Amino acid sequence: MALPRFINTDVLASVLVTLVIYLAYKLFESWFRDYCSPLQHLPGPPSPGYVLGNIQESMTEDNARLHDNWKQEYGPTMRYNGPFNANWLYTSDVKALQHVMSNVDDWPKPEYIHYMLSQLAGPGILVVSGPENRKQRRVMNPAFGTSQLREMTSVFVAKSIHLRDNLARVAFETDAGSPIDVLPWVSRMTLDIIGLAGFGYDFGASNAEAPQNELTKGLDAVFRSKPSIFSFLKGMFPSLRILPFGNSGALRQVQTGLFAIGRQLIASAKKSVNEGAVDDSNNLISLLIRSNTVKDLPLSQRLSDEDVLAPEIPTLLIAGHETSSSAITWSFYALCAHPESQTKLRNELLTLDTDTPTMDQLNSLPYLEIFVRETLRIFAPVQTVPRVAAKDDILPLDCPVTDKKGITYRSLRIVKGQGIMIPVVGLNTDKSIWGEDAADFKPERWENLPETVRNIPGVWANTMSFLGGPRSCIGFRFSIIEMKAALFSVVRAFELELAVPVDCITKRTEILQHPMLKTDPEKGAQLPLLIRPYVSH
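Each number in the working numbering corresponds to the 1-based position in the sequence shown with 4 added.
Right under this line is the structure:
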């Protein structure tokens, strides 16, 4: 195919040569850092591929089983093959992880993660680090307070009832014994919840009669697609970002739509604030506008509309939509895989004589609490979290590690640029912490936890599901109440059963962890269930 006339072949050749030289330099720099790294002699798993290294296994395999196998063979701290087989560190040592999670400025997200998130979310709280992140958190924290969530619970419950009614209608219209894929219905519910509770915007996704709008289609396409290798390469090598490969076009289209909504909503919310009519608005954006304009907040600490507030719209969608959808879908799987838990939970939920519980009523149900904890322990939406050293550091260890030369380390010398993979699900199911039955789904374990779980540096329930430290998930309480509301409405109304044998369901990591059929991997994420109305005996 001939090149367009306006393209100068000499210029194109020069650009390509420059790119090749740059890539070669970056790869050599990475190789030289690894060659000089004190971690190169640590034991660790072999690499299944050059570009993604062991990240490929972390994305495609059951992380609980993978972590257990690796730990038995290599110990709690090991060498891990990162991008282009760079020597990364993989550790479940709680002292080391406490250090990393606490010193967030010294251990930020890697550049490739930063780039891929920024393509969709812009400079929101998920992407920025350092003083800018702290400034955003300072303004956003009040919006996630207990009193605010108490007000939002009515939205969670209303949309959960909408989910219940949608499932009842589909079950009625479907032939008896035909499976219903619950995942898209759960995803519609969580999108509507974050739209209404997040910023007072009704996506109308739960309305089965209304066609899906282009924005929600774009969001589905982004979250259901595998991360593009070209997007990964652009994240690793900034000079490649000028090339028209990967899903940059689709991401930009979704981002443009989200930012347009963001600017519109912020303008509306600010107008309400200025007119003194915001008292009844309890969505996150209205609360964010309110906390951003309090008199005692210095101007230097306030967030600008265009640069920061608008990006929080896609940030809330990314953090609050698909993560909740994944967790709730897995909770339905757990109910089906463990029918005794489903019966026990239903019996407890039916003790409340209401269809519209308050947050305090939901939090008063002990078995619902431990069921949610166990679900998020086993089925954390994010399986692993990468970080990279921003400067040279000393990583303390609770459990000494011995390298291939027989040298034992009680701490590890870290050089700037060193990557580390934090095993979220691995730590949540670590046998040395949780016991030999760590990988088993047992809500009752929460009635008598081993003392060792107290050492896990997580922000919630002695797990890493919402991470820990200053960069932990700011909206974890929002997600927990949302999940409880969904379980309350659905489990009281239906008996749920897997439409396939339990061993046909496997885990698939796209951006997040979703259920998938081993027999139909091409269809992607799905959870087919048999749904029958519950009849009291």
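Where is the CB? At the ideal position from N, CA and C, for every residue including glycine. Small disclaimer: the values here were computed from a predicted structure and weren't measured.
Within the region 405–477, ranges of the beta strand (DSSP E) (whole runs, at least 3 residues): 412–418, 423–427
Taking only the alpha-carbon atoms, compute the straight-line gap between Val282 and Thr362 and give it to the nearest angstrom. Bear in mind that a pLDDT of 44 at Val282, under 50, signals an unreliable position, so the model cannot answer this.
What are the partner residues of Tyr54, as DSSP defines its beta bridges? Partner(s): none; Tyr54 has no beta bridge.
Mind checking whether Ser330 and Leu339 have CB atoms under 8 Å apart? no
Using DSSP with H/G/I as helix, E/B as strand and the rest coil, what is Leu93? Here Leu93 sits in strand by DSSP.
Quick check on the DSSP output: the beta strand (DSSP E) that includes Lys99 runs from which residue to which? Segment 98–106 is the alpha helix (DSSP H) holding Lys99; no beta strand (DSSP E) there.
Among residues of its own chain, excluding the 5 on either side of Arg417, which ones have a beta-carbon nearer than 7 Å to its beta-carbon? The answer, listed in chain order, is Pro42, Ile398.
Where Asn67 sits in the DSSP three-state scheme: helix
If you pair each beta-carbon of the region 398–407 with each one of the region 121–133, do three or more pairs fall below 8 Å? no
Those runs of the alpha helix (DSSP H) which lie wholly inside the region 288–375 and span at least 4 residues: 288–296, 316–321, 327–341, 343–353, 363–367
Would you say Asn107 lies against chain C (beta-carbon separation less than 8 Å)? Protein chain content of the structure displayed is limited to a single chain, and chain C is not contained in it.
Could you name the residues of the same chain whose beta carbon sits closer than 6 Å to that of Ile509, not counting the 5 residues immediately before and after it, in chain order? Pro519
Can you confirm whether the region 480–499 touches the region 512–526 when touching is taken to mean that 3 or more C-beta pairs between the two stretches lie within less than 8 Å? no
Length of the line joining the Cα atoms of Lys75 and Val429: 13 Å
Beta-carbon contacts of Ser328 that lie in its chain and below 6 Å, excluding the five residues immediately before and after: When the five nearest sequence neighbours on each side are left out, the beta carbons in the same chain lying within less than 6 Å of the beta carbon of Ser328 are those of Thr194, Ser483, Glu486, in order along the chain.
Taking all protein chains shown into account, decide if Lys163 is buried (16 or more other Cβ within 10 angstroms of its Cβ) or exposed. buried
Measure the beta-carbon distance from Ala394 to Asp109 and round it to whole angstroms, keeping in mind my assumption that it falls under 8 Å. 7 Å
Measure the beta-carbon distance from Gly128 to Thr319 and round it to whole angstroms, keeping in mind my assumption that it falls under 8 Å. Beta-carbon to beta-carbon, Gly128 and Thr319 are separated by about 3 Å, close enough to satisfy the 8 Å threshold.
May I have the straight-line CA-CA distance separating Trp450 from Glu378, to the nearest angstrom? 8 Å
By DSSP's criteria, Arg536 is part of a beta bridge. Which residues make up the other side? For Arg536, the pairing in a beta bridge is given by DSSP as Glu499.
What residue range does the alpha helix (DSSP H) around Gln140 cover? 134–144
Using the three-state DSSP reduction, which class does Ile165 fall into: helix, strand or coil? helix
Quick one: any contact between the region 167–181 and the region 126–143, if contact means 3 or more CB pairs under 8 Å? no
Quick check: what's the CA-CA separation for Ser243 versus Lys511? 34 Å
Closest by CA to Val495, which one among Asp300, Gln44, Thr412, Leu353? Leu353
Quick one: Cα of Glu499 to Cα of Glu448, how far? 21 Å
Option in Met144, Arg256, Ile184 with minimal Cα separation from Gly202: Met144
DSSP beta-bridge partners of Asp397: Ile418
If we call anything under 8 Å between Cβ atoms a contact, is Trp92 one with Ile317? no
Nearest-angstrom Cα separation, counted from Ser540 out to Tyr116: 53 Å
Does the contact criterion of 3 or more C-beta pairs under 8 Å hold for the region 72–87 versus the region 46–62? yes
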